[in-house]
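What follows is a short report on a single structure.
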Amino acid sequence: MNAMTADAIADFELRHPAVFNPPFWRRFMPLVIAAGIVLYVFYCWWFFSIGTVLASGQWQRAELYARDWVSYAIRTTVRPTPTGTTVSYPRFSELGDNPNPSWVVKDGNNVTIAFGPDKKLDINDQRVIATRGSESLTVLLATDGAKPQGPLPDWATLKEDQVTVTFGFAGQADIIPQRVVVSRRFLGWANFVFDTASPFWGKSFGEVTSMIVSGDRIKPEMSNAALAFDNIWFNSSWQHGDVWTKLLQTIVMAFMGTLMASLVAFPLAFMAARNITPNFFANQITKRFFDFLRSVDMLIWALFFTRAFGPGPLAGISAIFFTDTGTLGKVYSETLENIDDKQREGVKSVGASPANVQRYGVMPQVLPVFASQALYFWESNTRSATIIGAMGAGGIGLKLWEAMRTNTNWHNVAYMVVLILAVIFIFDGISNALRSRLAGKSHH
Amino acid sequence: MSKTASAELSPDGIQIERHWQELAGRRRAYSWIIAIGLLVTIAGSLWFANESNAGKFFDRLPHLFDFAGDLIPRDGWEVWRAMFDLPSPYFDGSLKYDYPEGRVYLFGGFYMPEYFYKMLETLNIAILATLVGFIFGFMICFLAAKNLVKNRFIRFAARRYMEILRAFPEIVIAGFFAAILSLGPIPAMFAVGIHTIGALGKLFFEVVENADMKADEGLRAVGANWIERVGFGIVPQVMPNFMSYALLRLEINVRASTIIGAVGGGGIGEELRLSIGRGHQAKTLAIILLLFITIIAVDQFSAWLRRRLVGEQAFAFGG
Chain E
0 MNAMTADAIA DFELRHPAVF NPPFWRRFMP LVIAAGIVLY VFYCWWFFSI
50 GTVLASGQWQ RAELYARDWV SYAIRTTVRP TPTGTTVSYP RFSELGDNPN
100 PSWVVKDGNN VTIAFGPDKK LDINDQRVIA TRGSESLTVL LATDGAKPQG
150 PLPDWATLKE DQVTVTFGFA GQADIIPQRV VVSRRFLGWA NFVFDTASPF
200 WGKSFGEVTS MIVSGDRIKP EMSNAALAFD NIWFNSSWQH GDVWTKLLQT
250 IVMAFMGTLM ASLVAFPLAF MAARNITPNF FANQITKRFF DFLRSVDMLI
300 WALFFTRAFG PGPLAGISAI FFTDTGTLGK VYSETLENID DKQREGVKSV
350 GASPANVQRY GVMPQVLPVF ASQALYFWES NTRSATIIGA MGAGGIGLKL
400 WEAMRTNTNW HNVAYMVVLI LAVIFIFDGI SNALRSRLAG KSHH
Chain C
0 MSKTASAELS PDGIQIERHW QELAGRRRAY SWIIAIGLLV TIAGSLWFAN
50 ESNAGKFFDR LPHLFDFAGD LIPRDGWEVW RAMFDLPSPY FDGSLKYDYP
100 EGRVYLFGGF YMPEYFYKML ETLNIAILAT LVGFIFGFMI CFLAAKNLVK
150 NRFIRFAARR YMEILRAFPE IVIAGFFAAI LSLGPIPAMF AVGIHTIGAL
200 GKLFFEVVEN ADMKADEGLR AVGANWIERV GFGIVPQVMP NFMSYALLRL
250 EINVRASTII GAVGGGGIGE ELRLSIGRGH QAKTLAIILL LFITIIAVDQ
300 FSAWLRRRLV GEQAFAFGG
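This is the structure in structure tokens:
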């Protein structure tokens, strides 16, 4: 490559001043914007005291809660006494009324609890031996507290008179004088299909099927299939029936809200479009009406209709209907104002009535766009319906919010999230498929 | 009419005519089936919504405007007193007319009315969330674009990741972070921000896929690496569109952060819900008015800026 002479460079600079000597603003604009953003972030940091909040956040909970999404823990208390060791479970244990899990082995006064292949807890009335791989810890059960023998490994902690040993995900045990409280964790959702009160509980799929198909009636008043369905629907810890009904409410809210909004926005948009209705006042009034509906937030509409109709999907439908009439009306009227006038002129020139001009000159152009916009809003409203539901407008939102506020039902939250995600993905797929078909038609 | 017409047609013509009649008939039948199906769905949906609602539609219809009627202020100045935290002549010791209570003193005697402060909080949530969404969406969108990344798995992963961020219910993110950080504006920001990453990322990668690849080709010819190609070839062309989408998202986020606020995220949304629940009419009206004005202002500002950035095009709704 030839090196350029200084003259040639100067010549270049002279010929392209915009490139080599751009005006100050052009040159430093990105820098100024970046500095502004950094300053703004600092301001927000101070305004929300983000640093303090993040530092005081209980981040260890994040892991615990996230774990609760996909697993469950079974609690059991072992009381070693010279007369006989007892193993007890809470009253509403996931293991039913007479738990006898395989990970608890009772042999006379000795109880062994397995936490995995090489992790176990060996309890008798004198001491507890916790084994984790090659390491093990002996804790003497004295009356005045648990006494660990030897140095504590890093998976055990001593707090006053109590020793806590952890086995990672598999669980942990608190060794307290007179008793050992064990929490054993399993991956999965406990009793997802049948709860412990159900006669089908604990049976394998094959057994349940054979009971339904050929077994004797368990309850004389209904068939086994009906009983099985009833037990699933009213499962006490998962509440399938309630969750699915609420989910359907959310879907109905989004569907009806969007549908009604698009039906009402459709004629109004013709009035708002200045090329269709050449009347300044009619245009302005309809457009300002759309702006009003849109700018009164969905939140305000939701709160208003919750007051008017009481909590439930009617309030949600109305809120989505009012907000989206405004939004869709605006979009529709803008679409109408951008249509190709030639088709209308053609229809008009053959002497069609005004209604027929709209029907054959305008509708074929805009209908696919209108439908596609409505489908898009349908999909996004499914998400909005979840949120306004939490304020009392009905649907799964409130149930979700309540389950979260208890801080213990994260597995129920996970279940509902999976359902909502499934619904959104399905609707997204349907809406995309329909929209691409509509778009394909309109281009040909 | 078709009968008289077919009498004059040739045999071929008759066949075509019959075929056309069949097609038209089938089409009509499909339309009817769809229309009836839709009507049944609508009727069923409305019935279901009405059944599972706390109040029934026709019972409650006469009371629709009771609430709006309750909101009518006692005199013309009451709303402004509530908005600007001025002492009210109706003050009776209760919270209802105790406007100066919520004043936020900035320095000395200079105060910011409570609702303006809360509105600012909501606006800041929205702006910061949009900013976060923009930055992360910007970083990830190039990985999802077909014309920049040839590796199918990276593209697939990036797209699915954005889809999940977008579809994940905001309220769950807010609730999860509220459990860790306690209720307040920061969980709301996380919720809105995370959703924005997914929503903007999707719009961004579609813009990138439609970019003109000539600049990229030129850069490739002189041996630029991937980051240089993206930085000098793609970013300058897509930036105006990116900004336009981010502004559109800002409009949506102002609304979203108000709503998230109402379910415990702080800001003006929470104030509104509380004041409606407590029956403080003047306060409620003041908040509604403030919210209304703010949303219009943000929309107008964003529309003006977008017009300057990309002209009349790209005004389609997205996200």
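Order-wise, the sequence lines are chains E and C. Residue numbers are given in numbering that gives the first Met the number 0: position 115 of the first sequence equals residue 114, and the series is strictly consecutive. Residue numbers are given in numbering that gives the first Met the number 0: position 3 of the second sequence equals residue 2, and the series is strictly consecutive. Even for Gly, the Cβ is constructed at its ideal location relative to N, Cα and C. For clarity, every value in this text was computed on a predicted model and none was experimentally measured.
- If you ignore the 5 residues before and after residue 139 (chain E), its C-beta comes within less than 6 Å of the C-beta of 126 and 146, all in its own chain and listed in chain order.
- Apart from sequence neighbours up to five positions away, the residues of its chain that approach residue 114 (chain C) with a beta-carbon distance below 7 Å are 82, 267, 270, 285, 286 and 289, ordered along the chain.
- Considering only beta carbons, the part of the region 9 to 36 of chain E lying closer than 7 Å to chain C consists of 36, in chain order.
- The alpha-carbon of residue 229 (chain E) is positioned some 27 Å away from that of residue 39 (chain C).
- Only 298, 299, 302, 303, 306, 307, 308 and 309 from the region 298 to 309 of chain E bring a Cβ to less than 7 Å from some Cβ of chain C.
- Going by DSSP, residue 380 (chain E) is part of the alpha helix (DSSP H) stretching over 362 to 387.
- The beta carbons of residue 204 (chain C) and residue 157 (chain C) sit closer together than 9 Å.
- Not flagged as an interface residue toward chain E: residue 224 (chain C), since no C-beta distance is shorter than 9 Å.
- CA-to-CA, the gap between residue 336 (chain E) and residue 275 (chain E) works out to about 8 Å.
- Counting only runs that start and end inside the region 258 to 327 of chain E, the alpha helix (DSSP H) elements of at least 4 residues fall at 279 to 294 and 297 to 308.
- Spatial neighbours of residue 437 (chain E) in its own chain (CB-CB distance under 7 Å, excluding positions within 5 residues in sequence) are listed in chain order as 367, 370 and 371.
- Note on the region 12 to 84 of chain E: whole alpha helix (DSSP H) runs with a minimum of 4 residues are 16 to 19, 23 to 46, 49 to 55 and 58 to 69, in chain order.
- In the pairwise beta carbon analysis, the region 235 to 255 of chain C is classified as not touching the region 86 to 103 of chain C: fewer than three pairs are separated by under 8 Å.
- Here residue 405 (chain E) is exposed: its Cβ has fewer than 16 other Cβ atoms, across all protein chains shown, within 10 Å.
- With respect to the C-alpha of residue 346 (chain E), the residue from E:363, E:262, E:330 and E:333 having the closest C-alpha is E:363.
- Neighbours of residue 339 (chain E) across chain C, judged by C-beta separation under 9 Å, do not exist; the nearest C-beta is about 16 Å away.
- At a cut-off of 9 Å between beta carbons, residue 196 (chain C) makes no contact with chain E.
- For residue 258 (chain C), the nearest beta carbon of chain E is closer than 9 Å to its own beta carbon.
- A check of alpha carbon separations from residue 141 (chain E) across E:79, E:350 and E:26 identifies E:79 as the nearest.
- Within chain C, the residues placing a beta-carbon under 8 Å from that of residue 258 (chain E) are 41, ordered along the chain.
- For residue 321 (chain E), no CB of chain C lies under 9 Å from its own CB, so it is not counted at the interface with that chain.
- A straight line joining the alpha-carbon of residue 197 (chain E) with that of residue 206 (chain E) spans about 14 Å.
- Its chain contains 293 as the residues whose beta carbon lies nearer than 6 Å to that of residue 326 (chain E), once the 5 sequence neighbours on both sides are disregarded; these appear in chain order.
- Neighbours of residue 389 (chain E) in chain C, taken as residues at a C-beta separation under 7 Å, are given in chain order as 170 and 262.
- Here DSSP, grouped into helix, strand and coil, assigns residue 338 (chain E) to coil.
- Residue 123 (chain C) has a beta carbon lying within less than 9 Å of a beta carbon in chain E.
- With fewer than 16 other Cβ atoms from the protein chains shown falling within 10 Å of its own Cβ, residue 100 (chain C) counts as exposed.
- No Cβ of chain C is located within less than 9 Å of the beta carbon of residue 350 (chain E).
- Any Cβ of chain E closer than 9 Å to the Cβ of residue 179 (chain C) would place that residue at the interface, and such an atom is present.
- Listed in chain order, the non-local C-beta contacts of residue 271 (chain E) below 7 Å within the same chain comprise 282, 285, 286, 289, 328 and 332, local neighbours out to five positions each way being set aside.
- Taking 9 Å as the threshold, the shortest C-beta distance from residue 22 (chain C) to chain E does not fall below it.
- Taking residue 144 (chain C) as the centre and dropping the five residues before and after it, the same chain places the C-beta of 204, 207 and 208 closer than 6 Å to its C-beta, in chain order.
- Contact of residue 127 (chain C) with chain E by beta-carbon distance below 7 Å involves 43.
- Between residue 193 (chain C) and chain E, the shortest Cβ-Cβ separation is not below 9 Å.
- Close to residue 248 (chain E), with beta-carbon spacing below 8 Å, are these residues of chain C in chain order: 47, 48 and 51.
- Residue 104 (chain E) has its alpha-carbon roughly 59 Å from the corresponding atom of residue 42 (chain C).
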